[in-house]
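J.:
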Amino acid sequence: MFLLMYPSRIIFGRGVIKELGKEVSSLGKKALLVTGRSSMRKTGILDRVTGVIKQEGISLDLFDRVEHDPCLETVNQGIKIARKKKSDVVIGLGGGSAMDAAKAIASLARQSGTIWEYYAGRKIEKEGLPFVAIPTTAGTGAEITNNSVLTDRKVSLKKSIRSPYMIARVALVDPELTFFLPSQVTAYTGMDAFTQALESSVTRTSNPITDTLALQA
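Heads up, the sequence shown is in our numbering, so the first residue is 4 and it goes up one at a time.
What follows is the structure in structure tokens.
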């Protein structure tokens, strides 16, 4: 027996980023874009993405403070901005760190507790803001998982907050957005994808569906 859940819509293909405005506008008119501190701006991807969004008449706020291995304090800042700006939807742009931060911001912006309570194990009680994922690396798969890996730097702890409410409403996977990665990052994310596929294929809980996906990967 196995249970398969795949609730995220995945739009894959070269140039699918042009569909972003339509996807976001179906979810709301005020968006919070969550990304890293510099790489998306340097490569021009940030300007490309914001342009597509604004063409649909969507009001856009930018939170570009996500560091590698995002910490609770950074995510809490994003949650406060989402609440203050009354965002309708959260967009994550970047690698695994940006995805994890955006997921946490989207899912916790509508909750009653603090991020520290949910990090300590409190369950997320209700649906958060819709989350739209735009990955720019090919390694983590964070755009379709139901967990957010965060770091509490005060106690040097790194672990996940997990909830079905963290799953992206839609993921736009555009291979063209990976073309600007440094060769070293491309190699790292490729090995990351390979090891996750290998792990999936040898685990005792594998099933025909995961075996097929792992082999194809």
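Cβ coordinates follow ideal geometry from the N, Cα and C atoms, glycine included.
Keep in mind the model is a prediction, meaning the values are calculated, not measured.
1) Can you tell me which of the three DSSP states Arg12 falls into?
2) Can you confirm whether the stretch 46–65 touches the stretch 88–101 when touching is taken to mean that 3 or more C-beta pairs between the two stretches lie within less than 8 Å?
3) Could you pull out every residue in the same chain whose Cβ sits closer than 6 Å to the Cβ of Asn210, ignoring the five residues on either side in sequence?
4) Starting from Phe134 and walking both ways along the beta strand (DSSP E), at which residues does that stretch end?
5) Buried or exposed, going by whether 16 or more other CB atoms sit within 10 Å of the CB of Leu218?
6) Around the C-beta of Gln187, are 16 or more other C-beta atoms found within 10 angstroms, so that it is buried, or is it exposed?
7) What is the DSSP secondary structure of Thr189, reduced to helix, strand or coil?
8) Relative to the alpha-carbon of Leu65, which residue among Leu75, Lys83 and Glu76 has its alpha-carbon at the smallest distance?
9) Can the beta-carbon of Val152 be found less than 7 Å from the beta-carbon of Ala107?
10) What is the DSSP secondary structure of Ala34, counted as helix, strand or coil?
11) Looking only at its chain, what residues have a beta carbon closer than 6 Å to the beta carbon of Arg17, apart from the 5 residues adjacent to it on each side?
12) Report yes or no: do the stretch 194–209 and the stretch 148–163 share at least 3 C-beta pairs separated by less than 8 Å?
13) Give the secondary structure of Arg44 by DSSP, where H, G and I count as helix, E and B as strand, and everything else as coil.
14) Judging by CA-CA distance, which residue of Val27, Ala196 and Leu63 is the nearest neighbour of Phe134?
15) For Gly54, count the other beta carbons within 10 Å of its own beta carbon; 16 or more makes it buried, fewer makes it exposed. Which is it?
16) Looking at the secondary structure, which residues open and close the beta strand (DSSP E) in which Gly95 lies?
17) Name the two residues that bound the continuous alpha helix (DSSP H) containing Ala217.
18) Are Gly31 and Asp91 closer than 7 Å when you measure CB to CB?
19) Please name the residue, chosen from Met102, Arg86 and Arg40, that lies closest to Leu111 on a Cα-to-Cα basis.
T.: Inspection of the coordinates gives the following:
1) To locate residue 12, count along the sequence shown from 1; it is residue 9. In this structure, Arg12 counts as strand in the three-state DSSP scheme.
2) yes
3) As a first step, residue 210 is located in the sequence shown; it is residue number 207 there, counting from the start. The residues are Phe5.
4) Sequence index remark: in the sequence shown, residue 134 carries index 131 (1-based). First-last of the beta strand (DSSP E) with Phe134: Phe134 to Pro138.
5) Residue 218 sits at position 215 when you count from the first residue of the sequence shown. Result: exposed.
6) As a working mapping, residue 187 is identified with position 184 in the sequence shown. Exposed, by the Cβ-count rule.
7) Taking the first residue of the sequence shown as 1, we reach residue 189 at position 186. Correct three-state label for Thr189: helix.
8) Locating residue 65 in the sequence shown gives position 62, counting from the first residue. Per the Cα distances, Lys83.
9) Here the question's residue 152 lines up with position 149 in the sequence shown. Here the question's residue 107 lines up with position 104 in the sequence shown. Their beta carbons are not under 7 Å apart, which means Val152 does not touch Ala107 by this criterion.
10) For the purposes of this step, residue 34 is identified with residue 31 of the sequence shown, where counting begins at 1. Of the three classes helix, strand and coil, the one that applies to Ala34 here is strand, per DSSP.
11) As a working mapping, residue 17 is identified with position 14 in the sequence shown. Contacts found: Pro178 and Glu179.
12) no
13) Taking the first residue of the sequence shown as 1, we reach residue 44 at position 41. Helix.
14) The residue given as residue 134 occupies position 131 in the sequence shown. Phe134 has its Cα closest to that of Val27, out of Val27, Ala196 and Leu63.
15) Working through the sequence shown from its first residue, we reach residue 54 at position 51. Gly54 comes out exposed.
16) As a working mapping, residue 95 is identified with position 92 in the sequence shown. It spans Val92 to Gly97 - the beta strand (DSSP E) in which Gly95 sits, taken as one unbroken run.
17) Start at 1 with the first residue of the sequence shown, and residue 217 comes out as number 214. Looking at the DSSP string, the run of the alpha helix (DSSP H) that includes Ala217 is Pro211 to Gln219.
18) Mapped onto the sequence shown, residue 31 falls at position 28. Mapped onto the sequence shown, residue 91 falls at position 88. Yes. Within cutoff.
19) Taking the sequence shown and counting its residues from 1, one reaches residue 111 at position 108. Ranking Met102, Arg86 and Arg40 by Cα distance to Leu111 puts Arg86 first.
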